[in-house]
Each structure stands twice: as C-alpha cells, then as structure tokens.
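Protein chains: 2
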Amino acid sequence: MAVTIKDIAKKCKVSITTVSRTINGVTEGVGEETRNRVLKAIKDTGYRPNSIARSMITKKTYTVALVIPDICNPFWAELARGVGDACASGGYHLFLCNTDGSSKEEREQVQFLRESRVDGIIFTTQNEEEDNADIKQFIREKYPVVLVERYIKDFKPPLLVTINNRGGIKKLVDYLICRGHKKIAYIGGPKLAANAAMRLEGYREGLAANGIQYKAPLVSAGDYKLGSGYEATVGFLRSQKDNFTAIIAANDLMAIGACGAISDAGLSVPRDISVAGFDNLPLSAMIRPHITSMGVSIHQLGKMAAELLLERLSGVMEERHIFMECALSERNSVRGIKNG
Amino acid sequence: MAVTIKDIAKKCKVSITTVSRTINGVTEGVGEETRNRVLKAIKDTGYRPNSIARSMITKKTYTVALVIPDICNPFWAELARGVGDACASGGYHLFLCNTDGSSKEEREQVQFLRESRVDGIIFTTQNEEEDNADIKQFIREKYPVVLVERYIKDFKPPLLVTINNRGGIKKLVDYLICRGHKKIAYIGGPKLAANAAMRLEGYREGLAANGIQYKAPLVSAGDYKLGSGYEATVGFLRSQKDNFTAIIAANDLMAIGACGAISDAGLSVPRDISVAGFDNLPLSAMIRPHITSMGVSIHQLGKMAAELLLERLSGVMEERHIFMECALSERNSVRGIKNG
DNA sequence: CTGTTAGCGCTTTCAA
DNA sequence: TTGAAAGCGCTAACAG
Chain A
1 MAVTIKDIAK
11 KCKVSITTVS
21 RTINGVTEGV
31 GEETRNRVLK
41 AIKDTGYRPN
51 SIARSMITKK
61 TYTVALVIPD
71 ICNPFWAELA
81 RGVGDACASG
91 GYHLFLCNTD
101 GSSKEEREQV
111 QFLRESRVDG
121 IIFTTQNEEE
131 DNADIKQFIR
141 EKYPVVLVER
151 YIKDFKPPLL
161 VTINNRGGIK
171 KLVDYLICRG
181 HKKIAYIGGP
191 KLAANAAMRL
201 EGYREGLAAN
211 GIQYKAPLVS
221 AGDYKLGSGY
231 EATVGFLRSQ
241 KDNFTAIIAA
251 NDLMAIGACG
261 AISDAGLSVP
271 RDISVAGFDN
281 LPLSAMIRPH
291 ITSMGVSIHQ
301 LGKMAAELLL
311 ERLSGVMEER
321 HIFMECALSE
331 RNSVRGIKNG
Chain B
341 MAVTIKDIAK
351 KCKVSITTVS
361 RTINGVTEGV
371 GEETRNRVLK
381 AIKDTGYRPN
391 SIARSMITKK
401 TYTVALVIPD
411 ICNPFWAELA
421 RGVGDACASG
431 GYHLFLCNTD
441 GSSKEEREQV
451 QFLRESRVDG
461 IIFTTQNEEE
471 DNADIKQFIR
481 EKYPVVLVER
491 YIKDFKPPLL
501 VTINNRGGIK
511 KLVDYLICRG
521 HKKIAYIGGP
531 KLAANAAMRL
541 EGYREGLAAN
551 GIQYKAPLVS
561 AGDYKLGSGY
571 EATVGFLRSQ
581 KDNFTAIIAA
591 NDLMAIGACG
601 AISDAGLSVP
611 RDISVAGFDN
621 LPLSAMIRPH
631 ITSMGVSIHQ
641 LGKMAAELLL
651 ERLSGVMEER
661 HIFMECALSE
671 RNSVRGIKNG
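Just so you know, the sequences run in chain order A and B. By the numbering used here, the letter at position 317 of the first sequence is numbered 317, and the numbering carries on one by one without gaps. By the numbering used here, the letter at position 258 of the second sequence is numbered 598, and the numbering carries on one by one without gaps.
Below is the structure:
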C-alpha cells in the first residue's frame, strides 16, 4: 500500500493539516522545525500526495485531452507535439485520443470532461459525419473547449484557432503564376471538409485575380491522404497531359503522392511538372524533391491552441479567435518557366 | 455544478446506494421499477458518475501512460497508435509524454503512477543519460511497467517487448549479399543506444557469415535521425567512393537521409548505390524510391506492449518477454548486381 | 503555530 | 429489495 498523508502525520506526530500545508508550500502556519521534520519524513518514505484525492476537492486535474483523427499523420503528430509542449510548460498532462474521424470517440472524450477526468479538451478537424451537436451543446454549457481548424455552421465557438486557408492557397497560386505557370491543376481535399472548401475557394480566387479561367477538368477531389494525390495525378497525366505545367495539392501529403505519380510516369519534378503543397510539413523538407509548400507552423498551431485552453483554465473567460497567416517555404519542387 | 449521485438519489427518492448499484449494473438488490426510475433520471439529467471519486475508492483509473522521445518521429507515432488502439479496445485511456530522451520527464511520469493517476506505464527506448535507477527501482516495487526496446544492464524486467535487432540486420546483410553486393557500408545508431550496438553486431555477424571482412571506414555512427544518415553518406561518398555498392542504415530515417545525399550527389538509388533501412516505417513505402527495409510491424509492437500492460493490470502476474522477429519488405531501393 | 472537523462523490460492508 | 454509515486521501474552513 502506498504511503498516505496520514502515515506522514503519524510518523511526525503532527496533524494531517500540517502535512498538507507543508506539501502545498504554505509556509505560514507551519513552524520551521515542524516543517523540516515533515519534509524529511516525506523524503524518507518517498511519499507522493495522491492527486486523485486532491482533484476531488480542488476540481482540477491539470490534465487536458487532445482529440485528433490519427497520430500517424505527420500533421497531427506535429500538432500534438506543440500541444504537448505547451501543456508540459503549463504543468498539464495530456490525454491523446485518435478518432479516425468518427464522432463516437469524440463523444467519449466529452464524457471524460463530464466525469471530471480532464479540465478541458482540444478538438481538431472537422467531423464530417454530423452536425457537431454534442460539441456545440458542450460549448454552450461553458465547458472549456478549444477548436482547431474546425468550422461549425452558424456557430462561433469562444475559443478557436484557424488557418487562413483561402488566403494561403491564393498566395500559392500567385506564386506559381509569378513563376510563369498559367495552367495549374488542383487536387482538393474531401468534399465535406470545410477547410477543403476554403482552399478550393483560394484556388479559384487566385486564378481569377490573375485573369486565368477556372477549368473543372483540372480540379480533382482527394481525401488529404497520400494515395489520393497519387491517383489524382495519374488521372491528370492521362487525360490532361498538356493542359497543365503545375499542380497545387491542398495538402503536402497529396503533394508527395503527386510527386510519386509523376516520377512513376517517368517524368521529373520540377523539370516536367511543378508541384506545390499546403501545410508545410517538416517531412516536405526532408524528402526528394523538397516540396515547396504554403502553411503555418504546425507546432505553433498546436501550441497556441493549448495556450488558449490553459489561459481559459486559469480563469480568463474572454473569447479568442486566432487566425494564422500562411507563409511560403520555397523549396525545389517548383521551377520557373517562360511559356506556360 | 455538475449533477452528482446525490441529485439522482434525491430526484428518485431512493438512497445513493441504489443509484450506485444501478450505475454499476448490479441488478441484484434493485427492483425492476426502481431501477427504471433511476435510469430515467440519469438520462434526463445527463448525469455521468465522477470517475475521479470512483477511482479514489477502486484505486483504478483505467488510464495508462506512454513515454516516448518524440511523437513527431514516425516510428513513435506509429507505436503510439498501436498502443492507443489496444488501450481503447481495453477501455483504457492514454497519457502521452514526450521526453526528448531526457530522464526528467520519465521521472515525471513515474510520479504520476505514485500519485495514482495512472494504472501503469509503457516506457520506450533507451535513456542514454543514466542507469535507469528510477525505473529499475520502480519495477522492483512491482509497479505495472512494460518496457519496449529498452535494455537495462544486468536487469531483466518482468514485462518486456523487444525486436530481434541483431538477427534482423544480419538477415538484411544476407539479403544484400544474395543480391550480389559485397561492399556494404553501414550507418549505425547512437553509440550509447543498446539496440544500436545489437544492430551493429548483426552487421558484423552478417559479413562474417558470408566471409566478408569488416572494414571500419565503411561504418559510421549516426543518431537515428535523418540528417545523420545524410551526413554519413556524404562522408562515404567523399572518402570511400568506390569501396561500396550498398548502404545499410540502422533505421529508415537515416536511410532516407542517405538517399537524399546520393541524389544530391547526382547519383541514383538504386542504380548507382543501393540503400536498405531498418524499422520498416510506413513512410518508407510512400516516398521515392520506396525504401527496402527490415523490421517488425510497429503498430503491432505498440499493440503488444499495451496488451501486456493491460493483462498485467487485470491481474496476470506472469513474466513475459516478447521477442519480435523481423521481416523484409522488398521495395526498390536495392538492385541486384553481378560484380560487387 | 497547530489541530479538529467537515466534506469532495463515490463504493462497500452491514443491517434492516 | 433497500438504506445507513463508514471511509478512500486529501483540502479547507474554523477553532484554539
């Protein structure tokens, strides 16, 4: 059996209150000598206060939950690290929950909050299955929740971190056009994902701003996974062979898939076709070719989300919406051309 | 304030004992009619039992902690997913802790166990800083801990999952030799890592078994990170140009780095130089070239570790050592040659 | 400066 | 079939 506050009290012949005070660093109300005796007993026995018991009274667990689709996806891993770092700095611990996009797991975590196991939750990504009724309800009840890149129709959550998707992709289009490309294919995200819609908008807007006509055959919908980028590119290569000189993928994973397809077709990136991605995964700078990508610091994204949550948990009740701007990381998957 | 068991009891005009029984599915001792009334009240109020209070009595949290160096490393992410999946299946929740290899964070988690916030811990990787005194002590005290790929000198933990590093690399050497390679360079892991030593042993053993002499200049020590694979390869290319036709990297990340260096030198994998890795990361099958790699299923590795822990938590006290065998995933970073 | 007392929300004997 | 009461390990008034 683990040693408890009672054991220490008995050992030192003081009350548990005195021990409690010592543990909690309450110097006032404990004599120097007593205090040292208690401290020594704690050290000798290896006593650790039972934080479950403590939580029961304080209603604080110093624990938060992060809900993501899949930690194996480098984007979520990076985000999780940012969240984890911020939590650690703030003295919080982190629950990890992989949902694979299912809302069942999300509900699980929400229960966790109700069961007072966590002080707050960070939800990421759009759940495509339903209308987020649970989360909406939950936020209305003032539970500490922060949403990351999650857009709920007709509902503005008090704590939200988002990326400028539309603006980011638009800047990427501008960039490609500056580099001489005029025929730019686009591999989008899942039809139901809100941020995919925004990215697509950015693409259209970018073309329009440069007086280039939008062409449906040059747009394909992927699922943000590598394979779909590959497939889409195979499709472009088959049916649109000479109608594009560059591909923008709505995320880096699909851009990597696109590069694979191009390479498998015996062509070269960027010599034959340029490819640009979105998200700016650290991975994109590691592989060949290094993928030129638009994005925010994902680690920072996670960090900010966690900081927002911790602030809220420390009592700050203000609404906050952090809107992160994208920056270009120019690498070598895009080349300049003369005649698009 | 959240609704408690008391509220339900009051609402139904029964004792909290009756409510408790209903919550816990104890049918004996609760009348059909009473039971339904309670169930209805629970549903109406959205009551969730406070699991902190429950844990205090039962001494169970249904929570385990996973301690890894860095979730951003795809190896650990994959492992974490395996652990997470097994935990979810068993009704457990998962704490994630990134240590960056520092033992401070590890100690943190151990405290967590002492504070009865988690029921058990999975520790991964060798801590290179010290002698694992804390963990050893902890295991001796019979705390539920499972070690993954962690080798502690003169100490056999009761619950352990390891990879056949030596045998795996040896098989990889055999494979390359079968494919005609005789001059095989090797990029090892960190000098202090126990599994790096085993992998190096496998390399030497593989050469010896095939009557090939070990040559120190063809061996370089990396740190399991991509950059070190790159650097090592640059070194080989500079000073050992014609002395090798293939490179074995002690992990896939370094193999990817090696491919990058080769490509940057204007050479091609596998045409000019073959590269093989270890770990068999899913990532290795996604990039170009697809990296031929030896390894175990990382997801499975994590799953087994978690299952071992959950078994232990369910009362099984047997010692278990799972020794996972490696398998080759033949892809296209290695080519057969006639004259090594 | 120190201790007594009353819970936190729940489970678990033990009686009724 | 039910409930009263004790207590998990701790904090937090409130006394002394």
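Think of the CB as a built atom: it goes at the ideal place given N, C-alpha and C, for glycine as much as any other residue. Just so you know, these numbers come straight off a predicted model, no measurement behind them.
Assuming residue i contacts residue j (C-beta within less than 8 Å), just tell me the rounded distance between them.
i: residue 478 of chain B; j: residue 450 of chain B; result: 6 Å
i: residue 237 of chain A; j: residue 64 of chain A; result: In fact, because the Cβ distance is near 45 Å, the residues do not count as touching under 8 Å.
i: residue 150 of chain A; j: residue 169 of chain A; result: With a Cβ gap of about 19 Å, residue 150 of chain A and residue 169 of chain A do not count as contacting.
i: residue 257 of chain A; j: residue 292 of chain A; result: The pair is not a contact, with the Cβ atoms about 15 Å apart (cut-off 8 Å).
i: residue 385 of chain B; j: residue 348 of chain B; result: 7 Å
Is there at least one Cβ from chain A nearer than 8 Å to residue i's Cβ?
i: residue 393 of chain B; result: yes
i: residue 418 of chain B; result: yes
i: residue 421 of chain B; result: yes
i: residue 641 of chain B; result: no
i: residue 606 of chain B; result: no
i: residue 414 of chain B; result: yes
i: residue 434 of chain B; result: yes
Got a sec, what are the start and stop residues for the alpha helix (DSSP H) residue i sits in?
i: residue 594 of chain B; result: 592 to 604
i: residue 479 of chain B; result: 473 to 480
i: residue 36 of chain A; result: 32 to 45
i: residue 645 of chain B; result: 638 to 653
i: residue 607 of chain B; result: Here residue 607 of chain B belongs to no alpha helix (DSSP H), and DSSP marks it neither H nor E.
i: residue 345 of chain B; result: 345 to 352
i: residue 56 of chain A; result: 51 to 58
i: residue 437 of chain B; result: Residue 437 of chain B -> not in any alpha helix (DSSP H); beta strand (DSSP E) instead, spanning 433 to 438.
Below 7 Å on C-beta distance, what does residue i contact in chain B?
i: residue 50 of chain A; result: 455, 456
i: residue 56 of chain A; result: 392, 393, 396
i: residue 260 of chain A; result: 628
i: residue 263 of chain A; result: 628
If we ignore side chains and look at the alpha-carbon of each, how far apart do residue i and residue j end up?
i: residue 99 of chain A; j: residue 432 of chain B; result: 14 Å
i: residue 33 of chain A; j: residue 20 of chain A; result: 16 Å
i: residue 136 of chain A; j: residue 163 of chain A; result: 21 Å
i: residue 580 of chain B; j: residue 272 of chain A; result: 34 Å
i: residue 497 of chain B; j: residue 261 of chain A; result: 47 Å
i: residue 353 of chain B; j: residue 419 of chain B; result: 50 Å
i: residue 672 of chain B; j: residue 630 of chain B; result: 5 Å
i: residue 506 of chain B; j: residue 229 of chain A; result: 38 Å
i: residue 300 of chain A; j: residue 325 of chain A; result: 12 Å
i: residue 680 of chain B; j: residue 624 of chain B; result: Per-residue confidence for residue 680 of chain B stands at a pLDDT of 40, beneath the threshold of 50, marking its modelled position as unreliable; the derived number appears in the next sentence. Those two C-alpha atoms are separated by around 25 Å.
i: residue 400 of chain A; j: residue 513 of chain B; result: For residue 400 of chain A there is no data in the structure shown, the boundaries of chain A being 1 and 340.
i: residue 406 of chain B; j: residue 417 of chain B; result: 11 Å
i: residue 94 of chain A; j: residue 555 of chain B; result: 47 Å
i: residue 47 of chain A; j: residue 304 of chain A; result: 35 Å
i: residue 287 of chain A; j: residue 607 of chain B; result: 15 Å
i: residue 464 of chain B; j: residue 474 of chain B; result: 14 Å
i: residue 188 of chain A; j: residue 529 of chain B; result: 40 Å
i: residue 395 of chain B; j: residue 297 of chain A; result: 39 Å
i: residue 642 of chain B; j: residue 194 of chain A; result: 33 Å
i: residue 609 of chain B; j: residue 244 of chain A; result: 29 Å
If you follow the beta strand (DSSP E) that residue i is part of, which residue opens it and which one closes it?
i: residue 273 of chain A; result: Looking at the DSSP string, residue 273 of chain A is not in any beta strand (DSSP E), and its letter there is neither H nor E.
i: residue 587 of chain B; result: 586 to 589
i: residue 525 of chain B; result: 524 to 528
i: residue 294 of chain A; result: 292 to 295
Mind pulling the chain A residues with CB within less than 8 Å of residue i?
i: residue 596 of chain B; result: 286, 287
i: residue 411 of chain B; result: 71, 77, 80, 81, 84
Examine chain B for any beta-carbon lying closer than 8 Å to the beta-carbon of residue i, and answer yes or no.
i: residue 271 of chain A; result: no
i: residue 2 of chain A; result: yes
Kindly list, in the order they appear in chain A, the residues whose Cβ is closer than 7 Å to that of residue i.
i: residue 451 of chain B; result: 48
i: residue 438 of chain B; result: 81, 84
i: residue 566 of chain B; result: 286
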